[in-house]
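Chemist: Got a structure for you, written out below as structure tokens; questions coming shortly.
Protein chains: 4
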Amino acid sequence: MKKLQVAVIGCGTIANSAHIPAYLKSEAEIRYFCDIIPERADAAVEKYGCGKAVYDYHEILDDPELDAVSVCTPNNVHKDISIDFLKHGKHVLCEKPAARNLEDTIEMQKAQHESGKVLNIGVVNRFNTGVNKLKNLIDKGFFGEIYHVYASFRSARSIPGLGGMFTTKEISGGGVLIDWGVHFLDLIMYCVGDPKAKTVSATTYSKLCDNQNMKDYSYTSMWAGPPDYNGTYDVEEFITGHIRTEGPTINLQGAWAQNIANTEMYIDFLGTKAGARLNYGGNFTIFYGEDNALYESTPKYESTNHFENEINAFLSCIQTGEKLPSHIDTNMVTARLMQALYDSAEAEREVVLD
Amino acid sequence: MKKLQVAVIGCGTIANSAHIPAYLKSEAEIRYFCDIIPERADAAVEKYGCGKAVYDYHEILDDPELDAVSVCTPNNVHKDISIDFLKHGKHVLCEKPAARNLEDTIEMQKAQHESGKVLNIGVVNRFNTGVNKLKNLIDKGFFGEIYHVYASFRSARSIPGLGGMFTTKEISGGGVLIDWGVHFLDLIMYCVGDPKAKTVSATTYSKLCDNQNMKDYSYTSMWAGPPDYNGTYDVEEFITGHIRTEGPTINLQGAWAQNIANTEMYIDFLGTKAGARLNYGGNFTIFYGEDNALYESTPKYESTNHFENEINAFLSCIQTGEKLPSHIDTNMVTARLMQALYDSAEAEREVVLD
Amino acid sequence: MKKLQVAVIGCGTIANSAHIPAYLKSEAEIRYFCDIIPERADAAVEKYGCGKAVYDYHEILDDPELDAVSVCTPNNVHKDISIDFLKHGKHVLCEKPAARNLEDTIEMQKAQHESGKVLNIGVVNRFNTGVNKLKNLIDKGFFGEIYHVYASFRSARSIPGLGGMFTTKEISGGGVLIDWGVHFLDLIMYCVGDPKAKTVSATTYSKLCDNQNMKDYSYTSMWAGPPDYNGTYDVEEFITGHIRTEGPTINLQGAWAQNIANTEMYIDFLGTKAGARLNYGGNFTIFYGEDNALYESTPKYESTNHFENEINAFLSCIQTGEKLPSHIDTNMVTARLMQALYDSAEAEREVVLD
Amino acid sequence: MKKLQVAVIGCGTIANSAHIPAYLKSEAEIRYFCDIIPERADAAVEKYGCGKAVYDYHEILDDPELDAVSVCTPNNVHKDISIDFLKHGKHVLCEKPAARNLEDTIEMQKAQHESGKVLNIGVVNRFNTGVNKLKNLIDKGFFGEIYHVYASFRSARSIPGLGGMFTTKEISGGGVLIDWGVHFLDLIMYCVGDPKAKTVSATTYSKLCDNQNMKDYSYTSMWAGPPDYNGTYDVEEFITGHIRTEGPTINLQGAWAQNIANTEMYIDFLGTKAGARLNYGGNFTIFYGEDNALYESTPKYESTNHFENEINAFLSCIQTGEKLPSHIDTNMVTARLMQALYDSAEAEREVVLD
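Protein chains in written order, with my numbering: chain Y, 167 to 520; chain S, 167 to 520; chain V, 167 to 520; chain B, 167 to 520.
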């Protein structure tokens, strides 16, 4: 059988660390490396010894040999690129978040429905071994009713690429919520069955750093590039709030930067029979009481690479038609919730969703 | 000078572990031990070798020798007893919470204003050495602007006296919020200058235990007495919420019982220049960044007993007329906030305070 | 109601460390302290401030006020004393092992049946909190079928009272099996439902020490008194074997003394769904696999003193007529098994039980 | 001198990880790589850059240039292949176990005796540095009389290649005993002088997994290939028993899979003067008491690769005629013992050997 032909659109960090290595191990062939920075596309061709460098994605929209694309660009062009490829009959795996706001995400969903092609979002935790072990326990009723979830994604000092695309709202759509929170909220929603949000009250802050005091911001290392003091910092580095859903309530605290001791990256799932603390990106521990004794256990298991799982599932569903948990339709639950969090923070009032 | 004569109303745990020992070390004399359970009052007289046993507080209202009382009863009679003594010209130190709800607390405040006698509430953290060290740092501007506070008062399995007065709403007024939360909220308010709450959204749960499944509740030890399975459990054992104030936002998670690993009892004060984690009842650590280095420090200091401080301040202010931070007027801020938390939880909507 | 009157027969270590303190906390009254060494009986009266010293138990057999006795003597007189008291209408709690061999134990059972009085054996683990937590899990089916049990009661160097009553077969009936093994086997039998043994193959050794080389035996401390080099050492200090029962197989290794690193005192219960390691006298850990993840948990719980539980249950069953798991009838299962182990070791062949 | 020419029969895991690398470092030349799966033989030729690929071992039986073979096939064809090569005048190093049962092993011994060629079994521990250090201490009398040995070869969850050749009795002859136990028993026998077994009582179980519930078996990783749920699982994964020999007694517990915490792979040698714990595949510690002090010591030494030692000794003995401890004659002791263990388990009774 002919191998699926894919293109990688945007050859930055997430492409090189996740999508490209996974495609190279998969049954597909990388046909194009595309980046508006020509050096990046060229470097990928040279490094991986395959594919062709392209600097403008429009050039490959009409290639009948091309089956699918990974969209690994900044958030602001997720929508247009994904819709263009869908309209030209290509399947799309778009990195998270789907778009900068709900309105754009709805447009993407519409394009998917009209084209009938696959549009998956890179909610990679849905392909994580530990997360799925935990979800299985939840689905089997081990925890009883999960009535509350606490999400902590707090870091001491780790604003990414100060003054760059992550901190420029026009490009990214937001700060820590859209960068890290989207993963935490999607993971929670996946585990507890994608319940709809009913009320959302949140507050966002940009207190440790803003355009006025970027030079005063202390850090020990900075991923996504060194600071650009001529750039922009106009996004939130902290969000906190309280959410009521059709399922559990969710309390969240997320910070790229906060004056705290250590990174606290975990999610507590609190159930009537048992609870779990999931260390984000790692293992989880379960807690329960029985017969006046308290139990605590951290299961050991063999993990597979979640990016490879995500890519393989994407390639597979193109051929089988299976609808994955990363489908744009499922993603709307989180997209609506994210929008409500930002809306509530702006209004300084609770938002009630119908 | 003649020694102040005091009466202890209610001779249970808090009286014996805190108020009585503090009075015995003070300049005052305990004139009466009062309890409606005669054995308790008698036992106190025998044990401490002073005072007179009384079984009905009305008997001592008119004693002209009596100057002041500590009200150490269950919450449901705080109001009536405090008001009676105020009306009879006695000074009152009433254990926290002032009352079971805001309405009752307002009545108490009114009685204080009309009588002109002292009415302090047992918000003992305001007399804690560590808390005051931290408050001094806040007041000096060390943390910059405190923009957010996170309060965690979560315990794995520690519902007090299941089926007893703590878990019976008619007596206590509520569960973990009114028992532990009142201390945490008052402490926060004290540290950040008693700002008024603007919006409050909260959810309460009674999920690990209720009247239906009290026998299924697992625990390893239980303070405030063994379970009474014929008693009542109709209060919340978990509360979570998001609060906007005129100062910082507050996020809180408090549980008598939750399927978690360990007790997590702390408050994070997050400021623009620095942050602090206060271990409830213990020491605190400060965190800040400067010149691309991150600092962490746990100050050491000598502590004095906060109950003794509280009692001595009460006795002193009777004579000096000084208005303490534990005055009923200051307490109204927390009382309003507590009422709003319960109201929001009942309505499942955010409450907006004027 | 009149308090039960009890006598303690034998005022050595187990009486002073376990039976007497438990009676003092109980609803019963100690009427007599009896010991053939008068100083011991006298010392008990003086130390505990109650009871009367007796030096020959026959003197109190006919006391109509005496209700029950604890037999805390060396093993060789367990049988005669217990039977005498039963025949005189007294209830008996006899320390383990019931007797030195099966024949004597059968006689004791017969006397119990004829008298109708209580005869319980001091299998104190049946009143241990952790053991009962574990047994509850087994009974609820948590482990699936328990198909094998491994009992390790191995100590590096701890022969008790070299040359004394523990090492003199005429008095004790045997060595490590009858001293420690009886506890381990009884505990196992209790947990897995007292199944009958079908085949028994065992070997015993007295290799680190015997009458010839008692002075060469190295040790760091010795409980039950200092060595008596003029005494006797003619019991086994090591036993190992393989047992088939109507339930699980049992493999055992028990040594008072062996050239090993550390004490290894535990029991592994191996089930089809889960397994447990019980640390003798302590807590236990459970192990299981599910959905390709391995779980391990050590429950925490509050323990009560098992000697007090044992004494209280003994006193209670005298009045209620309840048959306890420590009844002589239940004890016959272990007594038969112990006899078979010694018989197999002597014959150097497997013993088949009908 | 002309180099010895060898053939490797069976190019699976043990050949590639042990025999082939050892031959490549030796004085011999690999002339043939033989495997009935042609790709395996071809791959070996390509990978090691020597030898010729053969797919049917009969083709090389008559090659006069061929001196010796390593038989690295599944157990079920050990016997026929070894005998064929012996009959054609070739020397044979056959992987352990010699054969699936005693009858076949006797046939192999007979063929060795008739041919006069070398037939060694791959009991590689007899060439292990640590094992030989320990054996030297035993032989020198350091431990006094070794009166008991405890062998623990227990793993939490490690059934190899579920449904494959390891778990198919027709191919392997048995489960954990024939796979791991053969190594442990042979090592013990080697160390204590190859004493004959007198009585054997054993029980085997297949409780965590069988053909009915292979899919329910939880594991974190699986060596010897992924599960084949259409394959067979009809061997024991657990064996336990008690053995009397002309030397020490042996107690054993061996499990590929058991609900325990950690792998427990060790052998305790218990002597009258001292004891040792040998960590299988690793170092050993000695324990002894002297003058009321207890000693513990873990000797350090330089190890050589035991597979290389085994291969070199094999090649050397071909030329010198020396009879190695891995000779088929010595192996009969373990072969008889293994057969008796399986026979006892089947009969559920002790087997008495003459």
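For glycine and all other residues, C-beta sits at the position ideal for the given N, C-alpha and C.
Distance, Cα to Cα, B:Asn182 vs B:Ala209?
Modeler: Stepping through the fourth sequence from its first residue, residue 182 of chain B is reached at position 16. Stepping through the fourth sequence from its first residue, residue 209 of chain B is reached at position 43. Those two C-alpha atoms are separated by around 11 Å.
Chemist: When you compare the region 406 to 422 of chain V with the region 286 to 300 of chain V, are there three or more beta-carbon pairs, one atom per stretch, that lie closer than 8 Å?
Modeler: The region 406 to 422 of chain V is not in contact with the region 286 to 300 of chain V.
Chemist: Do the region 268 to 284 of chain V and the region 459 to 472 of chain V touch if we need at least three Cβ pairs shorter than 8 Å?
Modeler: no
Chemist: Please state the DSSP three-state secondary structure of Y:Ile409.
Modeler: As a first step, residue 409 of chain Y must be located in the first sequence, where it is residue number 243. Reduced to three states, the DSSP call for Y:Ile409 is strand.
Chemist: Along the region 409 to 428 of chain S, where does the CB come closer than 7 Å to a CB of chain Y? Name the residues.
Modeler: Against chain Y - using a Cβ distance shorter than 7 Å - the residues of the region 409 to 428 of chain S are Arg410, Thr415, Asn417, Gln419, Gln424, Asn425, Ile426, Ala427.
Chemist: Helix, strand or coil for S:Gly178 per DSSP?
Modeler: Mapped onto the second sequence, residue 178 of chain S falls at position 12. Note: S:Gly178 maps to coil in three-state DSSP.
Chemist: Got a sec: which bits of the region 446 to 463 of chain Y sit with their beta carbon under 7 Å from any beta carbon on chain V, in order along the chain?
Modeler: Asp457, Asn458, Ala459, Leu460, Tyr461, Glu462, Ser463
Chemist: Assuming contact is defined by CB atoms lying nearer than 7 Å, are S:Tyr189 and S:Val220 in contact in what I supplied?
Modeler: Translated into the one-based positions of the second sequence, residue 189 of chain S becomes position 23. Translated into the one-based positions of the second sequence, residue 220 of chain S becomes position 54. Cβ distance not < 7 Å, so S:Tyr189 and S:Val220 don't count as in contact.
Chemist: Should Y:Asn302 be flagged as near chain V, meaning a C-beta pair shorter than 7 Å?
Modeler: Residue 302 of chain Y sits at position 136 when you count from the first residue of the first sequence. True, the Cβ-Cβ gap to chain V drops below 7 Å.
Chemist: Mind checking if Y:Tyr214 is an interface residue toward chain S, Cβ cutoff 7 Å exclusive?
Modeler: Taking the first residue of the first sequence as position 1, residue 214 of chain Y is located at position 48. Not flagged as an interface residue toward chain S: Y:Tyr214, since no C-beta distance is shorter than 7 Å.
Chemist: By how many angstroms is the C-alpha of Y:Ile426 removed from the C-alpha of B:Lys262?
Modeler: Here residue 262 of chain B refers to the residue found at position 96 when the fourth sequence is read from its first residue. Here residue 426 of chain Y refers to the residue found at position 260 when the first sequence is read from its first residue. Roughly 59 Å separates the two Cα atoms.
Chemist: Apart from the five residues just before and just after S:Pro326, which ones in its own chain have a Cβ nearer than 6 Å to its Cβ?
Modeler: By 1-based counting over the second sequence, the position of residue 326 of chain S is 160. Excluding residues within five positions, the ones whose Cβ falls inside 6 Å are Phe332, Trp389, Ala390.
Chemist: What are the residues in the region 463 to 475 of chain V lying within 9 Å of chain Y by C-beta distance?
Modeler: Using a CB distance below 9 Å, the part of the region 463 to 475 of chain V facing chain Y consists of Ser463, Thr464, Pro465, Lys466, Tyr467, Glu468, ordered along the chain.
Chemist: Quick one: give me the first and last residue of the alpha helix (DSSP H) that Y:Met504 is part of.
Modeler: Within the first sequence, numbered from 1, the residue matching residue 504 of chain Y stands at position 338. Its alpha helix (DSSP H) spans residues 494 to 513.
Chemist: Taking CB distances under 7 Å as the criterion, tell me whether Y:Lys299 reaches chain V.
Modeler: What you label residue 299 of chain Y is simply residue 133 of the first sequence in a count that begins at 1. Y:Lys299 counts as touching chain V.
Chemist: Express the C-alpha separation of B:Gln378 and B:Leu460 in angstroms, rounding to a whole number.
Modeler: Indexing the fourth sequence from 1 puts residue 460 of chain B at position 294. Indexing the fourth sequence from 1 puts residue 378 of chain B at position 212. When rounded, the distance between both Cα atoms is 51 Å.
Chemist: Strictly under 7 Å for the Cβ-Cβ distance: is S:Lys373 near chain Y by that measure?
Modeler: Taking the second sequence and counting its residues from 1, the one referred to as residue 373 of chain S is at position 207. For S:Lys373, the answer is yes, since a Cβ of chain Y falls inside 7 Å of its Cβ.
Chemist: Would you check if the region 334 to 353 of chain Y and the region 317 to 324 of chain Y touch, i.e. whether three or more CB-CB distances between them fall below 8 Å?
Modeler: yes
Chemist: Which of the three DSSP states is assigned to Y:Leu460 in this structure?
Modeler: Translated into the one-based positions of the first sequence, residue 460 of chain Y becomes position 294. DSSP places Y:Leu460 in strand when its eight states are reduced to three.
Chemist: Hey, how far is the Cα of B:Tyr399 from the Cα of B:Ala423?
Modeler: Mapped onto the fourth sequence, residue 399 of chain B falls at position 233. Mapped onto the fourth sequence, residue 423 of chain B falls at position 257. Approximately 13 Å between the Cα atoms of the pair.
Chemist: Which runs of the beta strand (DSSP E) fall wholly inside the region 282 to 317 of chain B and span at least 3 residues, in chain order?
Modeler: 285 to 287
Chemist: State the Cα-Cα distance for the pair B:Glu402 and B:Asp509, rounded to the nearest angstrom.
Modeler: Position 236 of the fourth sequence, counted from the first residue, corresponds to residue 402 of chain B. Position 343 of the fourth sequence, counted from the first residue, corresponds to residue 509 of chain B. Approximately 13 Å between the Cα atoms of the pair.
Chemist: Measuring alpha carbon to alpha carbon, tell me which residue in S:Gly437, S:Gly487, S:Tyr446 is nearest S:Asn291.
Modeler: Walking along the second sequence from the start, residue 291 of chain S turns up at place 125. If we check each option's Cα against that of S:Asn291, S:Tyr446 comes out closest.
Chemist: Which residues of chain S have a Cβ atom closer than 8 Å to the Cβ of Y:Thr539, listed in chain order?
Modeler: Only positions 167 to 520 of chain Y appear in the structure, and residue 539 of chain Y is not among them; the question remains open.
Chemist: Excluding sequence positions up to five away, which residues of its chain have a Cβ less than 6 Å from the Cβ of Y:Met355?
Modeler: Looking up residue 355 of chain Y in the first sequence gives position 189. Counting only Cβ-Cβ distances below 6 Å, and skipping sequence neighbours, we find Val499, Thr500.
Chemist: Is Y:Ser492 near the ligand GTP, judged by its Cβ being under 6 Å from some heavy atom?
Modeler: Looking at this structure, you won't find the ligand GTP or any other ligand, since it has none at all.
Chemist: Using a Cβ-Cβ cut-off of 7 Å, state whether S:Glu516 counts as contacting chain A.
Modeler: Given the protein chain composition of this structure (Y, S, V and B), no chain A is represented.
Chemist: Would the region 169 to 184 of chain V count as touching the region 489 to 499 of chain S if we require 3 or more Cβ pairs under 8 Å?
Modeler: Between the region 169 to 184 of chain V and the region 489 to 499 of chain S there are fewer than three C-beta pairs closer than 8 Å, too few to call the two in contact.
Chemist: Should B:Ile196 and B:Ile247 be called a contact, given that it needs their Cβ atoms to be closer than 7 Å?
Modeler: Taking the first residue of the fourth sequence as 1, we reach residue 196 of chain B at position 30. Taking the first residue of the fourth sequence as 1, we reach residue 247 of chain B at position 81. Between B:Ile196 and B:Ile247, the CB-CB gap reaches or exceeds 7 Å.
Chemist: Can you tell me whether DSSP reads S:His185 as helix, strand or coil?
Modeler: Translated into the one-based positions of the second sequence, residue 185 of chain S becomes position 19. Residue state, collapsed to three classes: helix.
Chemist: Mapping DSSP to helix, strand and coil, what is V:Val401?
Modeler: As a first step, residue 401 of chain V is located in the third sequence; it is residue number 235 there, counting from the start. Three-state DSSP puts V:Val401 in coil, outside helix and strand.
Chemist: Please list the partners that B:Leu436 has in chain V, where partner means a Cβ-to-Cβ separation under 7 Å.
Modeler: Stepping through the fourth sequence from its first residue, residue 436 of chain B is reached at position 270. By Cβ distance, chain V contributes Gln424, Asn425.
Chemist: Using a 10 Å radius around the Cβ and a threshold of 16 neighbouring Cβ atoms, would you call S:Ala513 buried or exposed?
Modeler: As a working mapping, residue 513 of chain S is identified with position 347 in the second sequence. Exposed, since its Cβ has fewer than 16 Cβ neighbours within 10 Å.
Chemist: Please classify S:Pro230 as buried or exposed, where buried requires at least 16 other C-beta atoms within 10 Å of its C-beta.
Modeler: Here residue 230 of chain S refers to the residue found at position 64 of the second sequence. By the 10 Å Cβ count, S:Pro230 comes out exposed.
Chemist: Just to confirm my understanding: we take S:Ala322, look at its own chain, exclude 5 residues before and 5 after, and list those with CB closer than 6 Å. What are they?
Modeler: To locate residue 322 of chain S, count along the second sequence from 1; it is residue 156. These residues qualify, in order along the chain: Ile426.
Chemist: Within this structure, are the beta carbons of V:Val342 and V:Gly420 separated by less than 7 Å?
Modeler: Taking the third sequence and counting its residues from 1, the one referred to as residue 342 of chain V is at position 176. Taking the third sequence and counting its residues from 1, the one referred to as residue 420 of chain V is at position 254. Yes, these two residues count as a Cβ contact at 7 Å.
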